[in-house]
Amino acid sequence: MRDVYVIGVGMTRFGKYPEETIKTLSRKAVNAACEHAGIKTSDIRIASVGNAFQGIATGQESIRGQVVLRAMGIGDIPVFNLENACASSATAFQVCWMDLALGIHDVGLALGFEKMYLDDRDKRLSLFSAAMDQDVVAMILKMARSHEASVKEKEKKAGGEAKDKVGKKSAFMELYAMAARMHMDKYGTTQRQFAAISAKNHTNSQHNPYAQYREPMTVEEVLAAPEVSYPLTRPMCSPVGDGAAAAILATREGVKKLGAAKPVKILAAVLGSGKDRGLNDPDLGERLAQVAYETAGVGPTDVDLLEVHDATAYGELRAIEGLGFCPLGEGGPFSEAGHTAIGGKIAVNPSGGLESKGHPVGATGVGQIAEIVWQLRGEAGKRQVGGARIGMTENGGGNIGLEEAAMNITLLEAVDSV
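Okay, so the sequence shown: first residue is 162 according to our numbering, each after it adds one.
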């Protein structure tokens, strides 16, 4: 296997762009990545493209990669089309890495894009439900309503006050909320600790020009926001939006041939799938993290920053536990103490994370990788993590049973030379 490096990244600002198409968004991200790498699009010898929902949202099925690449003049090269729910573009990144590592090509493109914002709110919600086992969606919603009702009744008896709902429920948000309540019941995690995670991410995003939301928030503001499903308020949940992100990968030979500056080495790019397991068994993140660490030859103490899949604040809490940055059950106090802030023990989601950077599903995985690359190259501006040498991404996709249907973990390292 040959060493492979990321030599350039680019992305659009995530947000709601009714005037944009998957072609125009993708062109902007690819051109930015090529400019960052100092190459021309004609230098790309393979493309691996991730997208999840365009078949449902716009009717574009099957050849999505070829469609967007041809529109920017890229053709006559192998194109892989990858669909893996929220992990689509991280999976595309892994496939591109494998091609180069095996010696088939020297320069490749990993691209992710998504157009998710639709005027029809019910259709928007259906996009997320499509990434779940359809046999269990209705069951999850029924269980979630029953569980939430019991929690609310306890809260009222204790003198609390139930908040108004946002409207029609998302099966995914209900699933996250139910998992968060179980964590609260088992470990004593509090809603305020989830709010601390969210406030930290919204504060980080004010310095990220690519983030969908760039207004800082306090813990109190997060708690006072409209409730989605207890304990989650709206700022604790990722918004719907559009966007694209791209990365240029090269082998050692490709780096030298192109004269690429400041390459970032790929230490590990691993993919795993969910399985049936008991409630107390290690989850997919825990299992896959061990594979990633063993592959890279590093451990949690070597990692300087993380970009994790915080589709909700609970997602970040569970990720830092599963990846080994704090003991199981201690993610709440660990986060509330400020250990995950920039300048803390381990900087988590300096980009602002999915909660505020946004979550255009097909673009999310490569968007996370782009942030790590900028950080390792010292190019992150006011959100820069000082002295960062090794960064890690965790990108979950869909749901099957008790855990994600798919997950990618990537470890990247700043290097002085190739």
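We put the beta carbon where it would ideally sit given N, CA and C, even for glycine.
Treat the numbers as computed from the prediction; the structure is a model and nothing was measured.
| Check | Outcome |
| --- | --- |
| 3-residue-minimum beta strand (DSSP E) runs that sit fully inside the region 201-245, ordered along the chain | 207-211, 240-243 |
| Alpha-carbon to alpha-carbon, Arg-231 and Val-210 | 13 Å |
| Residue environment, Ser-390, which counts as buried when at least 16 other CB atoms sit within 10 Å | buried |
| Opposing strand residues paired with Leu-165 [DSSP bridges] | For the record, residue 165 in the displayed sequence is Val; it is not Leu. Its beta-bridge partners are Thr-412. |
| Rounded C-alpha distance that separates Leu-449 from Ala-372 | 28 Å |
| Three-way DSSP call (helix, strand, coil) for Leu-393 in this model | strand |
| Contact check, Gly-169 vs Ala-190, beta carbons under 8 Å | no |
| C-alpha distance - Leu-432 paired with Ala-480, whole-angstrom precision | 16 Å |
| Nearest-angstrom Cα separation, counted from Thr-412 out to Gly-264 | 8 Å |
| Close-in-space but distant-in-sequence residues of the same chain around Leu-243 (CB under 7 Å, 5 per side omitted) | Ser-209, Val-210, Gly-211, Ser-249, Thr-252, Ala-253, Val-256 |
| Which listed residue (Leu-563, Val-522, Arg-538) has its alpha carbon closest to that of Ala-246 | Val-522 |
| Simplified DSSP assignment, three categories, for Asn-560 | strand |
| Nearest candidate by alpha-carbon position, reference Val-380, set Ala-474, Val-425, Lys-184 | Ala-474 |
| Reduced DSSP secondary structure (H/G/I, E/B, other) of Phe-486 | coil |
| Thr-462 burial status per 10 Å Cβ neighbour count (16 or more: buried) | exposed |
| Buried versus exposed call for Cys-393 [16 or more other C-beta atoms within 10 Å across all chains shown] | Rather than Cys, the amino acid found at residue 393 in this sequence is Leu. Its Cβ being crowded by 16 or more others within 10 Å, Leu-393 is buried. |
| DSSP state of Met-568 mapped onto helix, strand, coil | strand |
| Given 8 Å, three or more beta-carbon pairs between the region 358-371 and the region 336-350 | no |
| Selected residue, minimal CA-CA separation from Ser-366, among Arg-174, Gly-404, Ala-430 | Arg-174 |
| Presumed contact (8 Å Cβ cut-off) between Ile-200 and Ile-409, rounded CB distance | 6 Å |
| For Val-431, the residue or residues it bridges with in DSSP | Ile-570 |
| At least three beta-carbon pairs within less than 8 Å, the region 437-453 to the region 560-579 | yes |
| Closest residue to Ser-399 among Ile-358, Ser-434, Gly-435 (Cα-Cα distance) | Ile-358 |
| Residue from Val-459, Lys-426, Arg-438, Gly-513 whose Cα sits closest to the Cα of Val-469 | Gly-513 |
| Alpha helix (DSSP H) runs wholly inside the region 513-553, at least 4 long, in chain order | 514-518, 522-537 |
| Backbone secondary structure at Met-172 - three-state DSSP | strand |
| Met-345, DSSP secondary structure in three states | helix |
| Check whether Met-172 and Ala-407 have beta carbons under 8 Å apart | yes |
| Assigned exposure category for Gln-441 - 16 Cβ within 10 Å defines buried | The residue asked about is misnamed: residue 441 is Asn in this sequence, not Gln. So Asn-441 ends up on the exposed side. |
| Same chain, Cβ closer than 6 Å to Ala-193, five either side skipped, listed in chain order | Gly-171 |
| Buried versus exposed call for Lys-426 [16 or more other C-beta atoms within 10 Å across all chains shown] | buried |
| Backbone secondary structure at Val-425 - three-state DSSP | strand |
| Reduced DSSP category for Ser-462 - H, G, I as helix; E, B as strand; rest coil | Note on residue identity: the sequence assigns Thr, not Ser, to residue 462. Of the three classes helix, strand and coil, the one that applies to Thr-462 here is helix, per DSSP. |
| Under 8 Å between C-beta atoms of Gly-415 and Val-268 | yes |
| Bridge-paired residues (DSSP) for Asp-403 | Gly-176 |
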